[in-house]
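A.B. asks: The structure that follows is given in the form of C-alpha cells.
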Amino acid sequence: MTENNSNDASIISRRRVGEYLSNPDVKFPFSLSFDQIRTIAHLFTDTGESIVSLAALNGHKKWYWVTDSSCHNNTVTKLYLGRHLNNASDEWRLSPRIGSICGLNHLSLWKCSFIPPEIVDVVSLKRLDLCYCDDQIIIDLPQVEMPALDTLCIDHVIWDATQITSIISWLSIYAPKLTNLRLSKLLRDTTNFFITALLEPDISNRMNNLRKLRIQDCGIIEVDVATIVFDLLPLYPNIVSLNFHKNKIESLQRIGVKMATKIQMKNSDSNSSSGLRSFCLAGNPCFPSLKTTSSLDHSVVIYLLKYFKRLQWLGHTKRSSIRPTSEIEYWTKINRGGRFLVDGGGGGGGGGGGGGGGGGGGGGEGGEGGSNNTDSDGGKKILPLNLWPKVLERSYRTSIILGAQPYTRTTGGSTYDATAMFYLIREGPLFSEKRSLSTE
Numbered sequence: 008m009t010e011n012n013s014n015d016a017s018i019i020s021r022r023r024v025g026e027y028l029s030n031p032d033v034k035f036p037f038s039l040s041f042d043q044i045r046t047i048a049h050l051f052t053d054t055g056e057s058i059v060s061l062a063a064l065n066g067h068k069k070w071y072w073v074t075d076s077s078c079h080n081n082t083v084t085k086l087y088l089g090r091h092l093n094n095a096s097d098e099w100r101l102s103p104r105i106g107s108i109c110g111l112n113h114l115s116l117w118k119c120s121f122i123p124p125e126i127v128d129v130v131s132l133k134r135l136d137l138c139y140c141d142d143q144i145i146i147d148l149p150q151v152e153m154p155a156l157d158t159l160c161i162d163h164v165i166w167d168a169t170q171i172t173s174i175i176s177w178l179s180i181y182a183p184k185l186t187n188l189r190l191s192k193l194l195r196d197t198t199n200f201f202i203t204a205l206l207e208p209d210i211s212n213r214m215n216n217l218r219k220l221r222i223q224d225c226g227i228i229e230v231d232v233a234t235i236v237f238d239l240l241p242l243y244p245n246i247v248s249l250n251f252h253k254n255k256i257e258s259l260q261r262i263g264v265k266m267a268t269k270i271q272m273k274n275s276d277s278n279s280s281s282g283l284r285s286f287c288l289a290g291n292p293c294f295p296s297l298k299t300t301s302s303l304d305h306s307v308v309i310y311l312l313k314y315f316k317r318l319q320w321l322g323h324t325k326r327s328s329i330r331p332t333s334e335i336e337y338w339t340k341i342n343r344g345g346r347f348l349v350d351g352g353g354g355g356g357g358g359g360g361g362g363g364g365g366g367g368g369g370g371g372e373g374g375e376g377g378s379n380n381t382d383s384d385g386g387k388k389i390l391p392l393n394l395w396p397k398v399l400e401r402s403y404r405t406s407i408i409l410g411a412q413p414y415t416r417t418t419g420g421s422t423y424d425a426t427a428m429f430y431l432i433r434e435g436p437l438f439s440e441k442r443s444l445s446t447e
C-alpha cells in the first residue's frame with residue numbers, strides 16, 4: 008500500500024480514508040475522532056509540521072489523503088486540514104500555498120493559528136470552517152476580501168468578547184456576501200459574545216445579507232433566544248432561518264409574553280423580519296411539549312406562527328417521534344402556501360413567497376380568518392386578479408407534506424395538501440370583496 012506520488016498531477020492516492028480508521032464504520036469527517044486516525048498524512052504548513060490533510064474532488068463525495076502533487080490541481084474542491092486534538096504541540100500555520108488551489112470552495116481548518124493573505128487567490132472559496140482554533144488566528148486575520156465566502160462555521164472555540172467582535176467586524180468588511188453563520192459546541196458565554204457583536208450597529212449595517220443563523224449545542228437558554236428574536240432579528244431583515252438545535256431551552260414563556268405584547272401593540276417594526284421561515288427548536292427540553300395543545304410552549308409557537316407569516320418549520324421531521332399538532336400543521340401549511348399575501352406583511356425580508364406581494368404593514372394579529380389586506384397607508388393592496396391562478400397553483404404544487412391529511416391527494420408517490428389553497432381562496436380578493444359588499 009503505497010501513496011501515488013506521480014508527477015502527472017494525480018490528485019490523490021486511491022486508498023479510502025476508511026482504511027486509516029481503527030473503526031471503519033466511523034463517518035468522515037464531521038463525526039471523526041482524531042485519535043482514530045492511524046497515520047498522519049501530508050505536510051501543508053509553512054513550518055513543515057505534520058498535520059492531517061484530506062480533500063474531496065469535484066463530483067466526488069468521498070474524502071482522500073492529499074499528495075504533494077494535488078496541491079496545485081484545480082479540481083480539489085474541498086480541503087480538510089487539522090492536527091490531532093491530543094497533540095500537545097502549538098497550533099499550526101496554514102501555508103501560503105493554499106492560494107494555488109484556485110478551485111477550492113470549502114476549507115476546513117482544525118487547530119490552525121494563521122490564515123495567510125494568499126487566501127485571496129482562492130477566489131471560489133464559499134465555506135470556511137474554524138474548529139478548535141485559538142485566539143491567535145484572530146490576531147493575524149488576513150486583511151483581504153473574500154468575495155465568494157457565504158458560509159462561516161465556528162466550532163469548539165473559546166474566545167473573549169473583544170476577539171469575537173474583531174472577527175465579526177472582519178467578516179462584515181471582508182466577506183460582504185456572507186449569508187450563513189453557524190456556531191457549534193461553544194460555551195454559552197462565548198455564544199452570547201457573538202450575539203452581542205452582531206447587535207453592534209456598524210456590524211449589522213454591513214452584514215445585511217445574512218440569511219441563516221445556526222446556534223447548535225451551545226447551551227443557550229430562553230433569555231438568549233428572546234434577545235435574538237426581539238433585538239437581533241429587526242436588525243437583519245433578510246434572515247429566513249434561525250436554528251437552535253440541541254440547546255438548553257426549557258421554556259418559551261418569556262418569548263410568549265413579549266410576543267403577546269407585540270401583537271397587542273401591533274408593533275410597526277414587525278414586518279422587518281417577516282421573511283422568517285425556519286425556527287428550529289428540535290433537541291431542546293421544550294420541544295416535546297409542542298405535541299401537547301394545552302402546554303404553554305404550544306401556545307407560544309402558535310403566536311410565533313401567527314406573527315411571522317412565512318414561518319413554516321419548527322424542527323419537526325418525518326423521522327421524529329415528536330409530531331406537530333393539527334393546529335401547528337394548519338399554521339405551517341397556510342404560511343408556506345402564501346398567507347402573507349392576504350394577511351398583510353407582504354413585503355419584508357427574505358424574498359421568496361409566491362408571486363410577490365405588497366409591502367404590507369405587517370404585524371397585527373394574524374389569527375384565522377383575519378384579513379388585513381392593507382398597505383402602509385391603510386388602503387387595499389391585493390395582487391391583481393390575473394395573478395391569482397398562478398398563486399393558487401403554486402400554493403398547491405409546493406404543499407407536499409410528510410403524511411396524508413384531510414383534503415389531500417397522492418400523485419406519483421407525493422402527497423399534496425389543499426389547506427393553504429383553500430385559505431387563499433377564502434381570504435383572497437374574490438371572497439373578501441363579497442364579504443365587504445355584504446357589510447355595506
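First residue of the sequence shown? That's 8 in the numbering used here, and the numbers climb one at a time after it. Note that beta-carbon positions come from the ideal geometry of N, C-alpha and C, so glycine has one too.
Round the Cβ separation of Gly282 and Val349 to the nearest angstrom and send it over; I've been treating them as touching at under 8 Å.
C.D. replies: Actually they do not touch by this definition, with Cβ atoms about 17 Å apart.
A.B. asks: Jot down the residue ranges of each uninterrupted alpha helix (DSSP H) in the stretch 102 to 166, minimum 4 residues, whole runs only, in chain order.
C.D. replies: 143 to 146
A.B. asks: Going by alpha carbons, who is nearest to Glu98 out of Leu205, Gly110, Leu116 and Gly263?
C.D. replies: Leu116
A.B. asks: Express the C-alpha separation of Val232 and Leu240 in angstroms, rounding to a whole number.
C.D. replies: Each residue's alpha carbon lies about 11 Å from the other.
A.B. asks: Going by DSSP, what residues sit across from Asn250 in a beta bridge?
C.D. replies: Arg221 and Cys287
A.B. asks: Check whether the Cβ atoms of Arg284 and Leu321 lie closer than 8 Å to each other.
C.D. replies: no
A.B. asks: Taking all protein chains shown into account, do 16 or more other C-beta atoms lie within 10 angstroms of the C-beta of Asp147, making it buried, or fewer, making it exposed?
C.D. replies: exposed
A.B. asks: Thinking Leu190 and Thr198 are a contact (beta carbons under 8 Å), I'd like their distance in whole angstroms, please.
C.D. replies: 6 Å
A.B. asks: Taking the alpha-carbon positions, what's the Ser179 to Lys255 distance?
C.D. replies: 29 Å
A.B. asks: Can you check DSSP and say which residues form a bridge with Trp99?
C.D. replies: Cys119
A.B. asks: Is Arg343 buried or exposed, if buried means 16 or more other CB atoms sit within 10 Å of its CB?
C.D. replies: buried
A.B. asks: May I have the straight-line CA-CA distance separating Ile309 from Arg326, to the nearest angstrom?
C.D. replies: 22 Å
A.B. asks: Hey, does Pro241 have any beta-carbon neighbour from chain B nearer than 8 Å?
C.D. replies: Judged by its chain identifiers, the structure shown contains no chain B, having just a single protein chain.
A.B. asks: Since Arg317 is in the beta strand (DSSP E), which residue starts that stretch and which ends it?
C.D. replies: Segment: none, Arg317 is in no beta strand (DSSP E) and carries neither H nor E.
A.B. asks: Could you tell me how far apart the beta carbons of Val164 and Leu205 are, in whole angstroms, since I believe they sit closer than 8 Å?
C.D. replies: No, Val164 and Leu205 are not in contact; Cβ-Cβ is about 16 Å, not under 8 Å.
A.B. asks: Could you say which of Asn245, Glu257, Ser333 and Leu194 lies nearest to Ser211 if we only look at CA atoms?
C.D. replies: Asn245
A.B. asks: Does the Cβ-Cβ distance between Val307 and Leu259 come in under 8 Å?
C.D. replies: yes
A.B. asks: Between which two residues does the alpha helix (DSSP H) carrying Asn187 extend?
C.D. replies: No alpha helix (DSSP H) holds Asn187; the beta strand (DSSP E) holding it covers Asn187 to Ser191.
A.B. asks: Quick check: what's the CA-CA separation for Leu156 versus Phe315?
C.D. replies: A straight-line Cα-Cα distance of about 29 Å links Leu156 and Phe315.
A.B. asks: Rounded to a whole number of angstroms, what is the C-alpha to C-alpha distance between Asp224 and Pro391?
C.D. replies: 46 Å
A.B. asks: List the whole-angstrom C-beta distance separating Ile126 from Met153, where the pair is believed to meet the contact cut-off of C-beta under 8 Å.
C.D. replies: 7 Å
A.B. asks: Can you tell me the Cβ-Cβ gap for Val236 and Ile262, rounded? I've got them flagged as a contact below 8 Å.
C.D. replies: 6 Å
A.B. asks: Going straight from the alpha carbon of Ile333 to that of Thr422, what length do you get?
C.D. replies: Note that residue 333 is Ser in the sequence shown, not Ile. Straight-line Cα distance between these residues: approximately 17 Å.
A.B. asks: So which of Val151, Arg221 and Arg401 has the shortest CA-CA distance to Ala427?
C.D. replies: Selected option, being the one with the closest Cα: Arg401.
A.B. asks: Do Leu394 and Ile432 have their C-beta atoms closer together than 8 Å?
C.D. replies: no
A.B. asks: Check for me: the alpha helix (DSSP H) holding Ala233 runs from which residue to which?
C.D. replies: Glu229 to Thr234
A.B. asks: In chain order, what residues of the same chain lie with their CB nearer than 6 Å to the CB of Asp162, ignoring the 5 residues before and after it?
C.D. replies: Cys138, Ser191 and Lys192
A.B. asks: Drop a sphere of 10 angstroms on the beta-carbon of Lys118, count the other beta-carbons inside from all chains shown, and report buried for 16 or more, exposed for fewer.
C.D. replies: buried
A.B. asks: Beta-carbon within less than 7 Å of Leu135's beta-carbon, same chain only, minus the 5 sequence neighbours each way: which residues are those?
C.D. replies: Cβ-Cβ distances below 7 Å link Leu135 to Leu114, Leu156 and Leu159 in the same chain, with the five nearest sequence neighbours on each side left out; the list follows chain order.
A.B. asks: Got a sec? Which residues, its chain only, sit under 8 Å from Thr339 by beta carbon, not counting five neighbours each side?
C.D. replies: Leu312, Leu318, Gln319, Trp320, Leu321 and Pro331
A.B. asks: Does the Cβ of Leu437 have 16 or more other Cβ atoms within 10 Å, making it buried, or fewer, making it exposed?
C.D. replies: exposed
A.B. asks: On a CA-only basis, which of Asp142, Ala168 and Asn112 is nearest Phe121? Give me that one, please.
C.D. replies: Asp142
A.B. asks: Looking at the structure shown, is Thr299 part of a helix, part of a strand, or coil, going by DSSP?
C.D. replies: coil
A.B. asks: One question on the structure: do Ile108 and Val129 come within less than 8 Å of each other, judged by their Cβ atoms?
C.D. replies: yes
A.B. asks: Helix, strand or coil, according to DSSP, for Met214 in the structure here?
C.D. replies: coil
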